[in-house]
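In what follows, a structure is listed as structure tokens, so that the remarks can point back to it.
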Amino acid sequence: MQADLLVHNAGQLITIASDGPQSGREMGRLGICHDGAVAVRDGYIVKVGASSELRSEVKAQRVIDALGRVVMPGFIDPHTHLVFVGSRVNEFEMRLSGATYLDIMAAGGGIMSTVRAVRGASDEELLAQSRARADDMLAQGTTMAEVKTGYGLTTADEMKCLRVIQHLDRTHPMDLIPTFLGAHAVPEEYRGRADDYTELVIQEMLPAVAAQRGLACFCDVFCDDGAFTLNQARKILVAAEALGLGLKIHADEFAALGAAKMAAEIGAVSADHLIRTPREEMGSLADSGTVAVLLPGTPFGLGEREFARAQDWLEAGVAVALATDLNPGTCYCGSMPFIIALGCRYLGLMPAQAVVAATLNAAYAIGQESRVGSLEPGKVADLIVLNTDDYRDLAYRFGGNLVATVIKAGKVVVKG
Ligand SMILES: [Zn+2]
1 MQADLLVHNA GQLITIASDG PQSGREMGRL GICHDGAVAV RDGYIVKVGA
51 SSELRSEVKA QRVIDALGRV VMPGFIDPHT HLVFVGSRVN EFEMRLSGAT
101 YLDIMAAGGG IMSTVRAVRG ASDEELLAQS RARADDMLAQ GTTMAEVKTG
151 YGLTTADEMK CLRVIQHLDR THPMDLIPTF LGAHAVPEEY RGRADDYTEL
201 VIQEMLPAVA AQRGLACFCD VFCDDGAFTL NQARKILVAA EALGLGLKIH
251 ADEFAALGAA KMAAEIGAVS ADHLIRTPRE EMGSLADSGT VAVLLPGTPF
301 GLGEREFARA QDWLEAGVAV ALATDLNPGT CYCGSMPFII ALGCRYLGLM
351 PAQAVVAATL NAAYAIGQES RVGSLEPGKV ADLIVLNTDD YRDLAYRFGG
401 NLVATVIKAG KVVVKG
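For the sequence shown, the working numbering assigns the number 416 to the last residue and increments by one with no breaks.
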């Protein structure tokens, strides 16, 4: 068999080969192949198996010796706000010295301060600052990320953010999956008129977004206290679905409004955050196949103590994914390994479950499971080599970078 690339001698080849998303008590099946190998042709995986077998069967132009280390699928980050400009470090320092959310708002902080910065930025500035963060994510093993708008909040500025996501996707090794989040916050010019802003999203923004094929794959709404109500969120998502967009929702982060349950009812691909979802509402996501995307970096970033309860979700039969929530306000972190480390300490995940949550289940959370998320013939050859022979080090060790090599669609894009 001819191949462009053979990666062999993997002490642990983590394939995560699965028929569907992993959920319930069964979650955490890594499909480990000891002394495994992967062959790649034209950017796709063509064969996975024992090193001895592939070395004799495959004639490859390039061979990478993994030296007994871990080889696994690249991380998939299914919830980020990657595209923004500026910093909210002042706000972070105010919070550390005891300022409340209202104090910060009064000082011009919060989401609207990033919105003002993004509205004032050119495409080029937005692209340059976002690209630097994308480079950092790739270096830490993320080969695909979902990216939301939501710092424009006018039709023109939301379209600008979508253009930047599209341009970055085309010019950066990391694949980006775009989500329209026009309902991230009620902008200050609509203060007290959230219903009017909801109508603007439905009547003007959504049709503009949907008119350009591929500009957005999903529509998301921040449904919570101080953001959009359950009714407003439902109206927006129903309108988005009619235009052909997939659905996502920020649910139950600060208050249990029934948003996760509503997401299940309307067939959302994922519901995200889910810190305060009541136990009796969890099963609805199992019924609808909605993935629970948990974001432990956000309460950590805010210095809070309450986290989502992963084992409750798993007991309810729901597939759990992990994401960074990379954003300038509550979680300026693009590292999936760090999120895995947090997930094991604060969400109650085992290392094998956290690895599945950051790869296969994350692919399901953004509708990309047919292309990525596991090492199986026919999938895109997005894989990483770790500087360790034990995958559990991803959870055990933190604060450094265990990712030695990143291979995107069969090409080495990061060599540590
Ligand atoms: Zn978010």
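All residues carry an ideal CB built from backbone N, CA and C; glycine is no exception.
For residue i, decide whether its Cβ has a neighbour in chain D, counting only Cβ atoms nearer than 9 Å.
i: F228; result: Of the chains in the structure shown, none is chain D; there is only one protein chain.
Name the one or two DSSP bridge partners that residue i has.
i: F300; result: Paired residues: none, contrary to the question.
i: A271; result: I249 and A292
i: C223; result: F228 and A251
i: I384; result: M72 and V406
i: N327; result: C331
i: V320; result: A292
i: A10; result: G36
i: F398; result: Per DSSP, none; premise fails for F398.
i: F218; result: T179 and G246
i: D77; result: A145
From the DSSP output, in three-state form, read off residue i for me.
i: K160; result: helix
i: F254; result: coil
i: D175; result: strand
i: E369; result: coil
i: F338; result: helix
i: F84; result: coil
i: A363; result: helix
i: G182; result: strand
i: E146; result: strand
i: V414; result: strand
i: Q2; result: strand
i: D390; result: coil
i: F92; result: helix
i: K261; result: helix
i: Y151; result: coil
i: K235; result: helix
i: I266; result: coil
i: E376; result: coil
i: R345; result: helix
i: T198; result: helix
Given a threshold of 16 other Cβ atoms within 10 Å of its Cβ, counted over all protein chains shown, does residue i qualify as buried or as exposed?
i: K415; result: exposed
i: L5; result: buried
i: P278; result: exposed
i: L67; result: exposed
i: Q212; result: exposed
i: T330; result: buried
i: K235; result: buried
i: P207; result: exposed
i: K261; result: buried
i: Y396; result: exposed
i: A145; result: buried
i: K148; result: buried
i: N90; result: exposed
i: Q61; result: exposed
i: A132; result: exposed
i: Q129; result: buried
i: K160; result: buried
If I'm right that residue i touches residue j with Cβ under 8 Å, what's the distance once you round it to whole angstroms?
i: S270; j: T15; result: Not a contact, Cβ separation roughly 24 Å.
i: V394; j: L402; result: The residue you asked about is not Val; residue 394 is Leu in the sequence shown. Yes, L394 and L402 are in contact; Cβ-Cβ is about 6 Å, under 8 Å.
i: G317; j: G283; result: 7 Å
i: A310; j: L294; result: 6 Å
i: G378; j: I45; result: 7 Å
i: M350; j: G20; result: Going by Cβ atoms, the distance from M350 to G20 rounds to 20 Å, so no, they are not a contact pair.
i: A409; j: G120; result: So it is not a contact: roughly 36 Å between Cβ atoms.
i: M336; j: Q140; result: 7 Å
i: L247; j: A240; result: 6 Å
i: S56; j: N9; result: S56 to N9, Cβ: 14 Å. No contact.
Flag residue i as yes when its Cβ comes closer than 8 Å to any non-hydrogen atom of ligand 3, and as no otherwise.
i: H273; result: Within the structure as shown, ligand 3 is missing, the only ligands being ligand 1.
Contiguous alpha helix (DSSP H) assignments of at least 4 residues, all confined to the region 20-71 = Those alpha helix (DSSP H) runs which fall completely within the region 20-71 and span 4+ residues are 51-57.
Starting from the N-terminal side, write out each stretch of the alpha helix (DSSP H) that is 4 residues or longer and does not extend beyond the region 114-144.
-> Taking 4 residues as the minimum length, the alpha helix (DSSP H) runs contained wholly in the region 114-144 are 123-139, in order along the chain.
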